[in-house]
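One structure is given below, encoded as structure tokens.
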Amino acid sequence: MRSGRRTALRQLAAWVGGSAIAGRSGIGWAYQASEPSIEQYLTDPLLQPASIMDFEPLAKAKLDPLAYDYLVGGSEDEVSLRDNRAGFDRIIIRPKALIDVHKIDLSVEVLGLRWEHPIFLCPAGGKNCFHQDGENTVARAAASAKTLHITNGGIQKLVESGKGPAWWQVTTGGDFRTPQTIRAFVKRLEDQGCGAICFTTDIMYVSHRERNIRNKFDRAWGETGIPRDAQGRVPQPRNPERAGLYPSRPTATPTWDTVRELRAMTQLPIVLKGILRAEDAKLCLEAGVSGIIVSNHGARQLDHVGGTIEALPEVVAAVEGKIPVMIDGGFRRGTDILKALALGARAVGIARPYLFGLAAFGQPGVERVITLLRTELALDMGLAGTPNIAAIERSLVRIRN
Ligand SMILES: Cc1cc2nc3c(=O)[nH]c(=O)nc-3n(C[C@H](O)[C@H](O)[C@H](O)COP(=O)(O)O)c2cc1C
């Protein structure tokens, strides 16, 4: 426990130190200490994507089609998947004229830490079918890009090294079966020096992801990669995703009582991921939750829940500024992030874009995705007359009827 605290303090110092350096250089453009040469821009494949969207075809070309479907797919009719993107088109930016924007500061405070920019990497299971040692590769990219990574676990050495900016560990509640399992989970994270516990509330069952069902995708392949033989055949899956199974679980699924128990057991911040309604946001406050991530699991769980950007305003209103509200789901553009910040989000998460970067180029791909998105955000902030995050007020956007 004590060593865990030490590690956490080391992490905090590293993080704050990093921010201070960034602060001296004015963050924004200046953070790119090693700006690539024109020659590199013209020839380096990593530098060809014009935006993070351009990584998807590159990833698709490299990935096994079954892994690609697992990555991009949503659940059932994929209505929420489309809504996650469509939601942004209904929000209009109202740029401010004649503001001095010669320096742009993306830094933001989240749960007592200063982040260099308001973008974080969402948890994503199954990374090994996109890249070998996927979780550690992403963790190293996150550390190098000074970006928060919500990890699915298995990066103990990196967390303990204290070299990262901050890592939060996600759980879907399997660790919450009994008070003993909650205690063991909490102790492990505290000892490691993890920065927070992120609890995903929207996956008490795995949804029907029909691409996976048709592909007879076995979730175990997320850990091993798709095991094709020399002839390119996939062996018979042991546990393929399939339709027609009646949902039931052997033990009770977590409830608000579980969150309260968890709260009583640790000083670590607790962040609930998957909140989509004001009523639940209020229950978060009552249960002593430290932060919320408005999320529909990348439209991979319940379908027809709308785009997350549509749910953001009610959640922000419900918490009345008492805890930070973050959001993920379909964020691909600097303007998407700008809109969410204007609607009251503190930070924005991405998953598929950095997984495309991972699949296409490994660690440098993840880092490049972060660079492109944060610089696009900085540019859009400059164009909108908002040189820092505090300048992004609610009046910066209006919502079309
Ligand atoms: C391949 C993949 C695996 C995911 N695994 C998890 C997971 O294990 N736990 C979790 O809370 N969310 C998981 N998510 C959801 C993301 O954390 C995030 O909520 C969502 O994907 C963000 O939307 P975006 O992919 O459009 O950026 C996963 C998403 C993808 C694409």
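Per numbering that gives the first Met the number 0: the sequence shown = residues 0 to 400. Just so it is clear, CB atoms sit at the ideal spot from N, CA and C, and this is done for glycine as well.
Within 9 angstroms, strictly: CB atoms of residue i and residue j
i: W166; j: I154; result: yes
i: F129; j: L357; result: yes
i: E159; j: G133; result: no
i: L271; j: V288; result: yes
i: L105; j: A377; result: yes
i: I98; j: G384; result: yes
i: I326; j: V293; result: yes
i: Y69; j: R210; result: yes
i: L57; j: F360; result: yes
i: D201; j: L301; result: yes
i: F87; j: R241; result: no
i: R340; j: P117; result: It is Leu, not Arg, that sits at residue 340 in the sequence shown. Yes; because the gap between Cβ atoms is below 9 angstroms, this pair is in contact.
i: G124; j: R218; result: yes
i: G297; j: I322; result: no
i: L120; j: G194; result: no
i: D401; j: G306; result: Because residue 401 is not part of the residues shown, which for the chain are 0 to 400, the question remains open.
i: R262; j: V109; result: no
i: P164; j: A140; result: no
i: T265; j: F175; result: no
i: A280; j: A317; result: yes
i: K95; j: A390; result: yes
i: P312; j: H101; result: no
i: E222; j: N135; result: no
i: G72; j: R299; result: yes
i: L337; j: D379; result: yes
i: P239; j: I212; result: yes
i: P35; j: A350; result: no
i: F184; j: T170; result: yes
Near ligand 1: residue i beta-carbon under 8 angstroms from a heavy atom
i: C121; result: yes
i: L357; result: no
i: F175; result: no
i: T254; result: no
i: P352; result: yes
i: D53; result: no
i: V78; result: no
i: F184; result: no
i: K61; result: no
i: I103; result: no
i: D327; result: yes
i: A263; result: no
i: A316; result: no
i: N474; result: With the chain running from 0 to 400 in the structure shown, residue 474 is simply not present.
i: G290; result: no
i: V169; result: yes
i: T402; result: Outside the shown range of the chain, which is 0 to 400, sits residue 402, and nothing can be said about it.
i: K272; result: yes
i: I149; result: yes
i: I369; result: no
i: A298; result: yes
i: L376; result: no
i: I427; result: Residue 427 cannot be examined here, being either before or after the span of the chain that is shown, 0 to 400.
i: I269; result: no
i: F67; result: Before going on, a small fix: residue 67 reads as Tyr here, not Phe. Checking the Cβ of Y67 against ligand 1 gives no.
i: F216; result: no
i: I308; result: no
Residue i, buried or exposed, once every other Cβ within 10 Å from all chains shown has been counted against 16
i: N400; result: exposed
i: M52; result: exposed
i: N295; result: buried
i: G25; result: In this prediction, G25 has a pLDDT of 28, which is less than 50 and means its spatial position is unreliable; what the coordinates show is noted afterwards. By the 10 Å Cβ count, G25 comes out exposed.
i: T254; result: exposed
i: L405; result: The displayed coordinates of the chain run from 0 to 400. Any statement about residue 405 would go beyond what the structure contains.
i: F246; result: In the sequence under discussion, the amino acid at residue 246 is Pro, which differs from the Phe named in the question. By the 10 Å Cβ count, P246 comes out exposed.
i: A60; result: exposed
i: Q230; result: exposed
i: Q362; result: buried
i: D335; result: buried
i: T180; result: exposed
i: E366; result: buried
i: T6; result: Caution applies to T6, whose pLDDT of 49 falls short of 50 and renders its modelled position unreliable; the value that the coordinates give is listed next. By the 10 Å Cβ count, T6 comes out buried.
i: Y402; result: Residue 402 lies beyond the range of the chain shown here (0 to 400); nothing can be said about it.
i: L157; result: buried
i: L354; result: buried
i: E278; result: exposed
i: I149; result: buried
i: P249; result: exposed
i: P234; result: exposed
Which runs of the alpha helix (DSSP H) at least 4 residues long sit entirely within the region 239-268? Give them in chain order.
255-264
Counting only runs that start and end within the region 111-199, where is the beta strand (DSSP E) found for 3 or more residues in a row?
112-114, 118-120, 148-150, 166-170 and 195-199
Hey, which unbroken runs of the beta strand (DSSP E) at 3 residues or more fall wholly within the region 298-342?
324-327
At what residue ranges does the region 270-296 contain a whole run of the alpha helix (DSSP H), taking only runs of 4 or more?
277-285
Kindly provide the ranges of any beta strand (DSSP E) runs that are 3 or more residues long and lie completely inside the region 74-113, ordered along the chain.
90-92 and 107-109
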